[in-house]
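Participant:
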Amino acid sequence: MTISKELLDELLKGCERPEDLLGDTGLMKELKIKLMERMLGAELTAHLGYEDGKDAPPDQANRRNGSSAKRLKGQDCELPIAVPRDRPSRQIALQSPAG
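Numbering (my numbering), first residue to last: 32 to 130.
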């Protein structure tokens, strides 16, 4: 995937100092959080078989059931993320490529 110059310009709009990009409330941290939450939501969609915001199939007993706040520890920071749950509270586990 290639990120267009226009998209990059939009993301960087308002970034004037290094902290705006790399700080504790900077763009890089926000992107990591949003991408992780999107990935976890997609994994739950694949597990349940229906999109978030749509009706579940009539024969589907399992449903989305909100999310839990978690802190994901990485090499450079901790990320507060919302981990989606399904009805039996099966939390989506992050798959680490290197254990």
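Even for Gly, the Cβ is constructed at its ideal location relative to N, Cα and C. It should be emphasised that the depicted structure is a prediction, and the values quoted were computed from it without experimental measurement.
Quick check on DSSP: helix, strand or coil for aspartate 83?
Facilitator: Indexing the sequence shown from 1 puts residue 83 at position 52. Looking at aspartate 83 - three-state DSSP - the assignment turns out to be coil, as it is neither helix nor strand.
Participant: If you count every other CB in all the chains shown that lies within 10 Å of the CB of arginine 115, and 16 or more means buried, which is it?
Facilitator: The residue given as residue 115 occupies position 84 in the sequence shown. It should be noted that the sequence gives proline, not arginine, for residue 115. Classification of proline 115: buried, given that the 10 Å Cβ count is 16 or more.
Participant: Tell me which same chain residues have a C-beta within less than 6 angstroms of the C-beta of glutamine 103, skipping the five on either side of it?
Facilitator: For the purposes of this step, residue 103 is taken as residue 72 along the sequence shown, with counting starting at 1. Reading off the sequence shown, one finds leucine at residue 103, where the question assumed glutamine. Excluding residues within five positions, the ones whose Cβ falls inside 6 angstroms are Leu110 and Ile112.
Participant: From aspartate 117 to lysine 60, what does the alpha carbon distance come to, in whole angstroms?
Facilitator: Along the sequence shown, one-based indexing puts residue 117 at 86. Along the sequence shown, one-based indexing puts residue 60 at 29. Between aspartate 117 and lysine 60, the C-alpha separation is close to 26 angstroms.
Participant: Using a Cβ-Cβ cutoff of less than 6 angstroms, which residues in the same chain neighbour alanine 87 once the five nearest sequence positions on both sides are dropped?
Facilitator: Here residue 87 refers to the residue found at position 56 when the sequence shown is read from its first residue. Tyr81 and Arg94.
Participant: Just mark leucine 43 as buried or exposed, buried being the case when its beta carbon has 16 or more other beta carbons within 10 Å.
Facilitator: Position 12 of the sequence shown, counting from 1, holds the residue named residue 43. Exposed, by the Cβ-count rule.
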